[in-house]
Every structure is written in structure tokens, then in C-alpha cells.
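K.L.:
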Amino acid sequence: EEGSKGRESGYWRLSKLAVPARDDPGKDFTGISLPLLQAIAKAIKFPVPSMLPDEAFTVIRKSFDARKVLKEPQFTYIVDMDVKKILNIEPRAWDFIARLEPKLGVVEYMTEEKLAVDLVSMLNVSSKGSNNVLGIRDTHSGMIYRQQKKPRVAVIGSGPSGLFASLVLGELGAEVTLLERGQPVEQRGRDIGALAVRRILQPESNFCFGEGGAGTWSDGKLMTRIGKNTDGVQAVMKTFVHFGAPPNILVDGKPHLGTDKLVPLLRKFRHHLRELGVTIRFNARVDDLIVEDGQVKGIVVSDVELQPGPASQKLAFDAVVMAVGHSARDTYSMLWQHNVDMSPKSFAVGLRIEHPQELINSIQYSELAAEVQRGRGRIPVADYKIVKSVGERDAENELDIAEPTRSCYSFCMCPGGQVVLTSTNPSELCINGMSFSRRASKWANSALVVTVSSHDFKPFQSHGPLAGVEFQRQFERRAAMMGGGNFVVPAQCVTDFISNRLSVTTLPPSSYRLGVRPSNLHELFPPYITEALQESLIMIDREMPGFVSSKALLHGVEVCFQTRTSSPLQISRHGETYESTSLRGLYPTGEGAGYAGGILSAAVDGMYCGFALAKQLSLFHGDI
Ligand code: FAD
Numbered sequence: 064e065e066g067s068k069g070r071e072s073g074y075w076r077l078s079k080l081a082v083p084a085r086d087d088p089g090k091d092f093t094g095i096s097l098p099l100l101q102a103i104a105k106a107i108k109f110p111v112p113s114m115l116p117d118e119a120f121t122v123i124r125k126s127f128d129a130r131k132v133l134k135e136p137q138f139t140y141i142v143d144m145d146v147k148k149i150l151n152i153e154p155r156a157w158d159f160i161a162r163l164e165p166k167l168g169v170v171e172y173m174t175e176e177k178l179a180v181d182l183v184s185m186l187n188v189s190s191k192g193s194n195n196v197l198g199i200r201d202t203h204s205g206m207i208y209r210q211q212k213k214p215r216v217a218v219i220g221s222g223p224s225g226l227f228a229s230l231v232l233g234e235l236g237a238e239v240t241l242l243e244r245g246q247p248v249e250q251r252g253r254d255i256g257a258l259a260v261r262r263i264l265q266p267e268s269n270f271c272f273g274e275g276g277a278g279t280w281s282d283g284k285l286m287t288r289i290g291k292n293t294d295g296v297q298a299v300m301k302t303f304v305h306f307g308a309p310p311n312i313l314v315d316g317k318p319h320l321g322t323d324k325l326v327p328l329l330r331k332f333r334h335h336l337r338e339l340g341v342t343i344r345f346n347a348r349v350d351d352l353i354v355e356d357g358q359v360k361g362i363v364v365s366d367v368e369l370q371p372g373p374a375s376q377k378l379a380f381d382a383v384v385m386a387v388g389h390s391a392r393d394t395y396s397m398l399w400q401h402n403v404d405m406s407p408k409s410f411a412v413g414l415r416i417e418h419p420q421e422l423i424n425s426i427q428y429s430e431l432a433a434e435v436q437r438g439r440g441r442i443p444v445a446d447y448k449i450v451k452s453v454g455e456r457d458a459e460n461e462l463d464i465a466e467p468t469r470s471c472y473s474f475c476m477c478p479g480g481q482v483v484l485t486s487t488n489p490s491e492l493c494i495n496g497m498s499f500s501r502r503a504s505k506w507a508n509s510a511l512v513v514t515v516s517s518h519d520f521k522p523f524q525s526h527g528p529l530a531g532v533e534f535q536r537q538f539e540r541r542a543a544m545m546g547g548g549n550f551v552v553p554a555q556c557v558t559d560f561i562s563n564r565l566s567v568t569t570l571p572p573s574s575y576r577l578g579v580r581p582s583n584l585h586e587l588f589p590p591y592i593t594e595a596l597q598e599s600l601i602m603i604d605r606e607m608p609g610f611v612s613s614k615a616l617l618h619g620v621e622v623c624f625q626t627r628t629s630s631p632l633q634i635s636r637h638g639e640t641y642e643s644t645s646l647r648g649l650y651p652t653g654e655g656a657g658y659a660g661g662i663l664s665a666a667v668d669g670m671y672c673g674f675a676l677a678k679q680l681s682l683f684h685g686d687i
């Protein structure tokens, strides 16, 4: 009975609604089209689609699906249906709706209350700055916290995790100082320009360091394995929209921002933090922690712009949030010197592969490829995702091990993007991919990486928890030497890589602006990595004929930490409090601490770290 009463006034979630691509208004339209109404009518067995009122439906998710198993490419929707609105306008609809039993996966019944769950981010609780803050809602536990006093908190790093930790703590009224070794986005943009044009690498202001962290000059893909619909992810996405991201990121099945959207968003974020009273210091590199009786009491910070040489300053804090990302190797060493509990983690290394985007479009979409029009068409620029298991070879005796023990997978695929340099040191060469929001470049690039684990790091055991970092560094140094310096990247045509021969003819063109040098990339990695890459490429080509092509170029070297809990190491922390297990007052968070991989999961981790710390600093006392 309760069910039927609820059903008359509640919502139904309709999923797997398919609209053929040829009938759909296209990737940028998130409203209710007639073809979508037809798909809805089919799902709820309603005979006259045009009689269904548009206003009764809300698109929750829209994704493009061009898998070969389908008869034709389609857009797939998840839609919420407001039953009351349908009945108001078309009472006869109930005859059809009432007959249906909700079927999991096709039609999921939801009560009004469930949909009314307050996912509104913390920003909506207090939009006028710290003076008017009443409290803040933790979307995870539903608790509302109230401001009481002002403990001093240092947040180190302005990547997604540091920004969200600062936002929560700032909103709650802590006295937050956000310290960032790099430059604000305006100057950082100029520094990155100088790197691309004049080969000048600023060690503290580059693709990894600076306002917004490593993801600022990126593809800005907002996908995550921690669940799109979780409260934390929704709160982060809504906060992005609040700061200027296009609202369709809330609906798009594969949302992405592009660097041109990320930069203004970060400026607004900075402005809001300052309004809250957060002190933001750029060019401020934290070199050391002040520790007394097993507790962090403060930090030692250098102004990296001061000439000659950085001047150090000691600052006292009640707590320190460590959100430094995975490129801050000096910071890792400093933590090791303080005997902070850390352990090496598995990650993945490999190469970045680049194809002409048109080739990927035609492999993935066949005749529909013509409609892509470099990001301006109805159909999104084609991407791909590959995971292969490969048999491991024992490096010492060259015996095949029967069980597949390594994965080779694509990661950080940037359709319509470009290959960029992510080194922070000229003697180490590391690359990644980025794009602009339109994804209009003529290139498609992606990491193609092979998993490695602590077993592989054994030769670097003397580096303790930093063994994985050293393992990674050897390849980056070798790549720099193979490229011949000046950030030139060693590269090889895919067909030549498979047959293990140096590319002697001219290489296919590359989007990488600092130049590529023909090399035999078999010299870069040990055989177990090279062979896993070769084997996988052959398997991928069977699935995506044309992927192995003389037009495709491999670039070295790519390192990927972005599995859910991967990073070259993990800093141990208590699950509830987020506090380091070995050093009181230290709160490791985000990707560098080993608790996130990617923009969204890092932001979510930083946000919850902020809440956990707020509890311990007694910034709240229960519900208000
Ligand atoms: P970071 O973003 O790395 O931020 C750490 C910050 O701390 C940096 O700004 C750094 O300067 C600062 N810092 C470090 N040490 C110190 C110190 N001692 N003192 C003061 N400040 C310090 N992820 C996605 O989800 N989608 C993508 O499309 C995507 N594309 C990417 C493209 C590129 C080129 C790169 C490099 C990364 C990309 N990523 C992407 C990964 C994503 O950027 C990271 O997962 C995410 O930024 C991690 O967030 P974080 O806050 O944990 O660390």
C-alpha cells in the first residue's frame, strides 16, 4: 500500500533509455527531445509518446555509446520521471504506469524523500562568507557542524584535495593558510607558455606545480571510480558548477572541462577562499615540519621567488593538511626523515600513444565519423578504453608464467588533445596529455601503461618507502638521455616498436611541441614491460583494427598513479580521523598520500579530510 501511495506521488528512475544517434539532437543537448520521449514511452509502455509532458522528466545522465556490439551508435539516458506531474496533466497515464512493476536496471522506483536528499554542496549553506556562516553540512554523514573557535590550520598544496580541504575548513571558520609552492594560474600560464615556446622549465611553476595542482593544464576529465552519484562526488561537481563549470557536467556520462574552463574556475575558487578569510600564499614551498613529542607544531616554509636563494620562515599551526600530490619527491623525502609511516604502492609505467583523431573516429564510429567535425558536431570526439591481461615473463630465466599477472591498460585518454611535458626537473622526462574544452585538435593521445608492484622495486630497496619513486625516476632519466636533452622526447612508430626496429624513416607528426627523436623504445624499459606493451598492442589491434598503424607514435615515458588507491607510496592514516598513524597533527590527503587518483577523487578526499579534521578541532557540536 505504502508503495502504491508513494508511487503516485514519487519519482521513477528510468535507465538504459536508448536513442539512436541519427535521431538525437546531439551531445550538447540535455533536454527532453521527441525521440527521448519515444524511448520513455516504450519503457513505461505508454502508447502515445507525444502526450507525455516534457516537464515531468529530468535528464540525469546522457552518454554516447558506439560499442560494436550495438546495431548502431546511440545516446543512452537515465531520466527521472515525476509521476505526480504526469498524472496532473494526463490522468489516464496512471492506467499504464500502475500496471508496471519496477524492474531493477530498467525502472527503479524512488520515493520523493530519496530524491529530496540534500546534495547541495556546502557552498549553499553559507554563501556570504565566514562572517555569516551558521554551519556546514557534511554530505557524507548528513551532520551539520557549527562554527565555534578559530584553530590555525596549514593546508599544503592547492591541487583539488588542498582546495577542498581549505574550502571546508574555511567555511567552518578555521584560520586556514593555504601554501602553494607554485604560481597563481595567471603567472603559471605564462610559465607554461615559456616552456612550450622557449624550453624554459620553472622548477616550481609548471604542469605539476602551481595553483590548481597537476590537473589544471589537463584534459579536465571528471570521471571517477568512486561513483558518480555518491554524495561526495555530487557535492564536488556542484561546487565546480558554482564556480563557473558548465552545468552539463552534472548530466554528461563522460564529463570533462578542458584547461580553458579550469583556469577561470580556479580564479573564482581562489576569490571565494579569500572572501572566507583563507590566507593563500603562492611561491611558498614547505620544506620541513616542526615536530615536538610526536606531534606537528608547525612548518618551515621558503619563499621560492626571493633572490638570492629562498628565505625560510617558521610558522606555528594546530594541524597540517598535507595535500602535495605525487610529484613532490622532496616533500616525500622530508616525511621519511621524520619517520612518517609510508609504504610503496603498485602503479603503472609505459608510453603515451598518439594517433590522428580522424583515425580513432573512423575505427570507433565507422561512417558516423564524418559527424564529429573536430568537436563541433553532434557526436562526441571518439575515445577508447582498453584493459588487457598479459602473461608475465620471469626476468631472470625468461620462463613464461602461465597465469596472466600484469595488466596493460589505456589511461587518461585525451581525444582532441596534445602531449605535454610534466617534468619538474630537466634531467627527468615525463609526459602526459591535456586538451581544451572543445577537444578540437587533430590528435588523440592516451597513456598505455603496464602495472608494476613492490616486487619490481626490489633493486631500490635501500630507498625504503621511496623505492617506487626511484624505480620510476630511472626511466625518466633514461628517457631524457634518449631524447638527447632540451626536453626532446624519444619516440617510435608503433609498427616499428612491435617489430623492435629503430624508426629510420621520418616519424609521423606529433602534437608534442618540444620535439621528438627517433629512438628504439625497447631500450627504455626492462623486457617484462616492453613485451607486455607489444603483446597488448597486438591484442588491441584485433579489437580495434587500424590501431597498430604507421601513423601512430609512441612517446616515452608515462607514469600512471590513477588507480583508486595508487601512488608510488601511501602515507598511513587512521580511517575515521584522517590523521597520520605515526605523527599527530598531520593529515595526509589526496593523490600524493595514496588515497585518490584523479581530480574528482582527490577533491572528495580533501573535502572529507576537512570534515574529519573539523571534528577533531571541535569546530562543531552536532546538529543545529
Ligand atoms: P596535485 O593536484 O598534484 O596538487 C598538489 C599541489 O601541491 C601542487 O599544486 C604542488 O605545487 C603543491 N605542492 C607540492 N609540494 C609542496 C610543498 N612542499 N609546499 C607547497 N606546495 C606543494 N586527472 C583527472 O581526473 N582527469 C584528467 O583529465 C587528468 N589529466 C591530467 C593531465 C595532466 C597533464 C596531469 C599532470 C594530471 C592529470 N590528471 C587528471 C591527474 C590529476 O591532476 C591529479 O590526480 C590531481 O590533480 C591530484 O590532486 P591532488 O590535490 O592530490 O594533488
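Residue numbers (mature numbering (1 follows the signal peptide of the UniProt record, and there is no 0)): 64 to 687.
Don't be surprised by glycine CBs; every beta carbon is placed ideally from N, CA and C.
V231 and G673 - do their beta-carbons sit closer together than 8 Å?
P.N.:
Numbered from 1 along the sequence shown, position 610 holds the residue referred to as residue 673. Numbered from 1 along the sequence shown, position 168 holds the residue referred to as residue 231. One thing to note: G673 has its Cβ within 8 Å of the Cβ of V231.
K.L.:
Please decide whether S566 counts as near chain C, where near means a Cβ-Cβ distance under 8 Å.
P.N.:
Among the protein chains of the structure shown there is no chain C, as only one such chain exists.
K.L.:
Using 10 angstroms around the beta-carbon of M497, count the other beta-carbons present and answer buried if the total reaches 16, otherwise exposed.
P.N.:
Position 434 of the sequence shown, counted from the start, is the residue given in the question as residue 497. When all chains shown are included, M497 counts as buried.
K.L.:
On the CB-based measure, 16 or more other CB atoms within 10 Å of its CB, does V132 come out buried or exposed?
P.N.:
Mapped onto the sequence shown, residue 132 falls at position 69. Within a 10 Å sphere around the beta-carbon of V132 sit fewer than 16 other beta-carbons, which makes this residue exposed.
K.L.:
Below 7 Å, is the gap between the Cβ of C475 and the nearest heavy atom of the ligand FAD?
P.N.:
Taking the first residue of the sequence shown as position 1, residue 475 is located at position 412. Answer for C475: yes, Cβ within range of the ligand FAD.
K.L.:
Closer than 6 Å by C-beta to T342: which residues in its own chain qualify, once you throw out the five before and the five after it? Chain order, please.
P.N.:
Looking up residue 342 in the sequence shown gives position 279. Here the set comprises T240.
K.L.:
Apart from the five residues just before and just after G89, which ones in its own chain have a Cβ nearer than 6 Å to its Cβ?
P.N.:
The residue you call residue 89 lines up with position 26 of the sequence shown. These residues qualify, in order along the chain: R441.
K.L.:
On the criterion of 16 or more Cβ atoms from any shown chain inside 10 Å, does S509 qualify as buried, or is it exposed?
P.N.:
Position 446 of the sequence shown, counted from the first residue, corresponds to residue 509. With 16 or more other Cβ atoms from the protein chains shown falling within 10 Å of its own Cβ, S509 counts as buried.
K.L.:
Can you look up Y74 in the DSSP assignment and give me helix, strand or coil?
P.N.:
Within the sequence shown, numbered from 1, the residue matching residue 74 stands at position 11. DSSP places Y74 within a strand segment (E or B) once states are collapsed to three.
K.L.:
How is the alpha helix (DSSP H) around R605 delimited, first residue to last?
P.N.:
Taking the first residue of the sequence shown as position 1, residue 605 is located at position 542. Bounds of the alpha helix (DSSP H) holding R605 are P590 to E606.
K.L.:
Is E249 helix, strand or coil by DSSP?
P.N.:
Within the sequence shown, the letter at position 186 stands for residue 249. Of the three classes helix, strand and coil, the one that applies to E249 here is helix, per DSSP.
K.L.:
Are the beta-carbon atoms of H401 and L352 separated by less than 8 Å?
P.N.:
The residue you call residue 401 lines up with position 338 of the sequence shown. The residue you call residue 352 lines up with position 289 of the sequence shown. Yes; because the gap between Cβ atoms is below 8 Å, this pair is in contact.
K.L.:
If we call anything under 8 Å between Cβ atoms a contact, is P407 one with F520?
P.N.:
Along the sequence shown, one-based indexing puts residue 407 at 344. Along the sequence shown, one-based indexing puts residue 520 at 457. It is a contact, given that the beta carbons lie within the stated cut-off.
K.L.:
Return yes when at least one heavy atom of the ligand FAD lies under 7 Å from the C-beta of S221, else no.
P.N.:
Locating residue 221 in the sequence shown gives position 158, counting from the first residue. True, at least one ligand heavy atom lies under 7 Å from that Cβ.
K.L.:
Residues in its own chain within less than 7 Å of T485 by CB, not counting five upstream and five downstream?
P.N.:
As a working note, residue 485 is residue 422 in the sequence shown. These residues qualify, in order along the chain: F270, C271, C493, I494 and N495.
K.L.:
Is the region 470-489 touching the region 525-533 in the sense that three or more CB pairs, one from each, lie closer than 8 Å?
P.N.:
no
K.L.:
Considering only the alpha carbon of each residue, which of A432, S425, M476 and M397 lies closest to I449?
P.N.:
Here residue 449 is taken as the residue at index 386 of the sequence shown, counted from 1. Out of A432, S425, M476 and M397, M476 has the C-alpha closest to the C-alpha of I449.
K.L.:
Can you tell me which of V146, I95 and R130 puts its alpha carbon nearest to the alpha carbon of T121?
P.N.:
What you label residue 121 is simply residue 58 of the sequence shown in a count that begins at 1. Out of V146, I95 and R130, I95 has the C-alpha closest to the C-alpha of T121.
K.L.:
Output the boundary residues of the alpha helix (DSSP H) element that contains P327.
P.N.:
Here residue 327 refers to the residue found at position 264 when the sequence shown is read from its first residue. Residues T322 to L339.
K.L.:
Drop a sphere of 10 angstroms on the beta-carbon of H518, count the other beta-carbons inside from all chains shown, and report buried for 16 or more, exposed for fewer.
P.N.:
Taking the sequence shown and counting its residues from 1, one reaches residue 518 at position 455. H518 is exposed by the Cβ-count criterion.
K.L.:
So is S281 buried or exposed if we call it buried at 16+ other beta carbons inside 10 Å?
P.N.:
To locate residue 281, count along the sequence shown from 1; it is residue 218. Burial call: buried.
K.L.:
Along the chain, where does the alpha helix (DSSP H) containing E421 start, and where does it finish?
P.N.:
The residue given as residue 421 occupies position 358 in the sequence shown. Run containing E421: Q420 to Y428, per the alpha helix (DSSP H) assignment.
K.L.:
Could you tell me if the beta carbon of V296 falls within a distance shorter than 7 Å of some heavy atom in the ligand FAD?
P.N.:
Residue mapping note: residue 296 aligns to position 233 of the sequence shown, counting from 1. No.
K.L.:
May I ask whether a heavy atom of the ligand FAD can be found less than 7 Å away from the beta carbon of Y353?
P.N.:
One-based indexing of the sequence shown puts residue 353 at position 290. This sequence places Ile at residue 353; Tyr is not what is there. Result no, Cβ not under 7 Å from the ligand FAD.
K.L.:
Whether or not the region 232-252 and the region 286-304 are in contact is what I'm after, with contact meaning three or more pairs of Cβ atoms, one per stretch, closer than 8 Å; do they touch?
P.N.:
Too few Cβ pairs lie closer than 8 Å, so no.
K.L.:
Do you know offhand how far A81's Cα is from I289's?
P.N.:
Working through the sequence shown from its first residue, we reach residue 81 at position 18. Working through the sequence shown from its first residue, we reach residue 289 at position 226. Their Cα atoms are separated by approximately 25 Å.
K.L.:
With a 10 Å radius around its C-beta and 16 neighbouring C-beta atoms as the bar for buried, classify L369 as buried or exposed.
P.N.:
In the sequence shown, the residue the question calls residue 369 occupies position 306. Classification of L369: exposed, given that the 10 Å Cβ count is below 16.
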